[in-house]
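Enquirer: The structure's right below; bear with me while I get my questions together.
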Amino acid sequence: MSAIDDLRKTMARLRTDCPWDREQTHRSLTRCLIDECSELLDTIDRGDLPHMREELGDVLIQVVFHALIAEEGGHFNFDDVARDINEKLIRRHPHVFGTGKLDTSEQVITQWETIKSQEKKNGPTTSSAFKPMPPRLPALMFAEATFRRIEKNKLAAGGAIDPVEIERLAAGLDERSAGRRLFEFAAACHRRGIDPEMALRLETDRVMRDVEANIQSTA
30 MSAIDDLRKT
40 MARLRTDCPW
50 DREQTHRSLT
60 RCLIDECSEL
70 LDTIDRGDLP
80 HMREELGDVL
90 IQVVFHALIA
100 EEGGHFNFDD
110 VARDINEKLI
120 RRHPHVFGTG
130 KLDTSEQVIT
140 QWETIKSQEK
150 KNGPTTSSAF
160 KPMPPRLPAL
170 MFAEATFRRI
180 EKNKLAAGGA
190 IDPVEIERLA
200 AGLDERSAGR
210 RLFEFAAACH
220 RRGIDPEMAL
230 RLETDRVMRD
240 VEANIQSTA
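Offset between the sequence shown (1-based) and our numbering: plus 29.
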């Protein structure tokens, strides 16, 4: 049995016998995934290879955990995830697995984006004012990028946001005071047992839905 098979077997046992693991859902694990990715990035920034090995394992267990939950619901399993990404890598590297030759990394990136664009064109089409934006940045970056998109494209926000309140908060704001307010708000959320990352992500989702609905109603 391979090491990955051992890991999957261990995760399945935990899912059955551990009260905490049994309670987890895709949504409840989002903060864990962010934390583990952040810790991995820290080891990369510091060039700490021994701890990078450990943190890669912590990120891997998140993939295994989510795949197991999906398998329990009859959606997909870990093998499906591995198969899909393997097929994508082969499909987007025809200069390696097919014919043709590329000489520079710039050519590889251009080809990757061309193939990716074609795949999206052939897939299900969705119309969204926010479609080009990475949808699952860390919550604070996600919220800021969403507001920036609303402003830049002059989207009809309607009642989705309160521009008067935003201007009031922005008045006299500098980097230090912004950091202080954000820290204090995060601390207040902790006191109330609220996950600020999840709360902000859900609120940003609401803003996006309301803006989209407002655009549709005024079209």
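Glycine included, C-beta positions come from ideal geometry on N, C-alpha and C.
For Pro167, which option in Met227, Gly187, Glu142 has the closest C-alpha, if you only look at C-alpha atoms?
Expert: If we check each option's Cα against that of Pro167, Met227 comes out closest.
Enquirer: Starting from Met30, trace the alpha helix (DSSP H) in both directions and tell me its first and last residue.
Expert: Neither: Met30 is in no alpha helix (DSSP H) and is coded neither H nor E.
Enquirer: Measuring only the C-alpha atoms, how far is Asp87 from Ala200?
Expert: When rounded, the distance between both Cα atoms is 42 Å.
Enquirer: Using the rule of at least 16 other Cβ atoms within 10 Å of the residue's Cβ for burial, across every protein chain shown, is Ala96 buried or exposed?
Expert: Looking at its Cβ environment, which holds 16 or more other Cβ atoms inside 10 Å, Ala96 is buried.
Enquirer: From Thr128 to Lys150, what distance separates their C-alpha atoms?
Expert: Approximately 23 Å between the Cα atoms of the pair.
Enquirer: So Glu84 and Leu62 are in contact, right, with Cβ under 8 Å, and what is the actual spacing, rounded?
Expert: The pair is not a contact, with the Cβ atoms about 12 Å apart (cut-off 8 Å).
Enquirer: Anyone know if the C-beta pair for Ile90 and His55 falls short of 8 Å?
Expert: Taking 8 Å as the Cβ cut-off, Ile90 and His55 do not qualify as a contacting pair.
Enquirer: So, at 7 Å on beta carbons, what are the nonlocal neighbours of Glu100 in its own chain, with the 5 sequence-adjacent residues on each side left out?
Expert: Excluding residues within five positions, the ones whose Cβ falls inside 7 Å are Asn106.
Enquirer: Excluding sequence positions up to five away, which residues of its chain have a Cβ less than 7 Å from the Cβ of Asp50?
Expert: Leu43, Arg44.
Enquirer: Using the rule of at least 16 other Cβ atoms within 10 Å of the residue's Cβ for burial, across every protein chain shown, is Thr233 buried or exposed?
Expert: That one is buried.
Enquirer: Would you give the residue range spanned by the alpha helix (DSSP H) that Lys117 belongs to?
Expert: Its alpha helix (DSSP H) spans residues 107-120.
Enquirer: What is the DSSP secondary structure of Ser57, reduced to helix, strand or coil?
Expert: In this structure, Ser57 counts as coil in the three-state DSSP scheme.
Enquirer: Using only the alpha-carbon positions, how far apart do Ala186 and Phe214 sit?
Expert: Each residue's Cα considered, the two are about 25 Å apart.
Enquirer: State the start and end residues of the unbroken alpha helix (DSSP H) segment that holds Asp50.
Expert: Here the alpha helix (DSSP H) through Asp50 covers 48-52.
Enquirer: Taking the alpha helix (DSSP H) that Lys181 falls in, what are its first and last residues?
Expert: Start and end: 168-181.
Enquirer: Which residues bound the alpha helix (DSSP H) around Phe94?
Expert: 78-101 is the extent of the alpha helix (DSSP H) around Phe94.
Enquirer: Taking the alpha-carbon positions, what's the Met40 to Val93 distance?
Expert: C-alpha separation (whole angstroms): 7 Å.
Enquirer: Would you mind reading off the limits of the alpha helix (DSSP H) that contains Gly208?
Expert: Unbroken alpha helix (DSSP H) run through Gly208: 204-220.
Enquirer: Quick check on DSSP: helix, strand or coil for Ile190?
Expert: Of the three classes helix, strand and coil, the one that applies to Ile190 here is coil, per DSSP.
Enquirer: Return helix, strand or coil for His124, following the three-state DSSP convention.
Expert: Reduced to three states, the DSSP call for His124 is helix.
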